[in-house]
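Enquirer: This is the structure, below, for whatever I ask next.
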């Protein structure tokens, strides 16, 4: 009986440890992005990465002086985008879009996207960690 109880306790401890690992390894919005630095950019899609755990949109943004900078925008998992009608076929390279996002705290040319908008006005929520990315408005502060 002692061996069975000891084995059961070891299994419970191991399972508990494994359940905690993914949450510790995964970053939160506040850890990586700055809610006080919203981005609203228009550009041309250069790459779409529909990979887990986060999708990425890469967009060439042209500044007023003509300089082109490639920006990466993190979104939620691919399933969130698929549910919103996004695939590599519906958002091909060369598509012109507007992106609303929040700047990375690192200062890199990256952000977490709330939504992107086709130039015809259709909005697609990115389903990621940014406030409002699920399509629900943010609560008033």
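Numbering (our numbering), first residue to last: 551 to 691. We put the beta carbon where it would ideally sit given N, CA and C, even for glycine.
In its own chain, which residues sit with a C-beta less than 6 Å from the C-beta of residue 666, not counting the 5 before and 5 after it?
Expert: Locating residue 666 in the chain shown gives position 116, where the first residue counts as 1. Cβ within range, chain order: 647, 649, 674.
Enquirer: Can you tell me where the beta strand (DSSP E) holding residue 588 begins and where it ends?
Expert: Numbered from 1 along the chain shown, position 38 holds the residue referred to as residue 588. In this chain, the beta strand (DSSP E) harbouring residue 588 covers 583-599.
Enquirer: Thinking C-beta only, is residue 677 closer than 8 Å to residue 626?
Expert: Position 76 of the chain shown, counted from the first residue, corresponds to residue 626. Position 127 of the chain shown, counted from the first residue, corresponds to residue 677. Cβ atoms of residue 626 and residue 677: closer than 8 Å.
Enquirer: Going by Cα to Cα distance, which pick from 658, 654, 670 is closest to residue 582?
Expert: Here the question's residue 582 lines up with position 32 in the chain shown. A check of alpha carbon separations from residue 582 across 658, 654, 670 identifies 654 as the nearest.
Enquirer: Find the nearest neighbour of residue 658 within the set 640, 596, 589, 602, judged by alpha-carbon distance.
Expert: Here the question's residue 658 lines up with position 108 in the chain shown. Selected option, being the one with the closest Cα: 589.
Enquirer: Measure the Cβ-Cβ separation of residue 628 and residue 601 and say whether it is below 8 Å.
Expert: Translated into positions along the chain shown, residue 628 becomes position 78. Translated into positions along the chain shown, residue 601 becomes position 51. Contact: yes.
Enquirer: Determine the direct distance from the alpha carbon of residue 554 to that of residue 643, and round the result to whole angstroms.
Expert: Against the chain shown, residue 643 aligns to sequence position 93. Against the chain shown, residue 554 aligns to sequence position 4. Taking the straight line joining both Cα atoms gives about 58 Å.
Enquirer: Does the distance from the C-beta atom of residue 692 to that of residue 594 stay below 8 Å?
Expert: The chain is shown from 551 up to 691; residue 692 falls before or after that span and cannot be answered.
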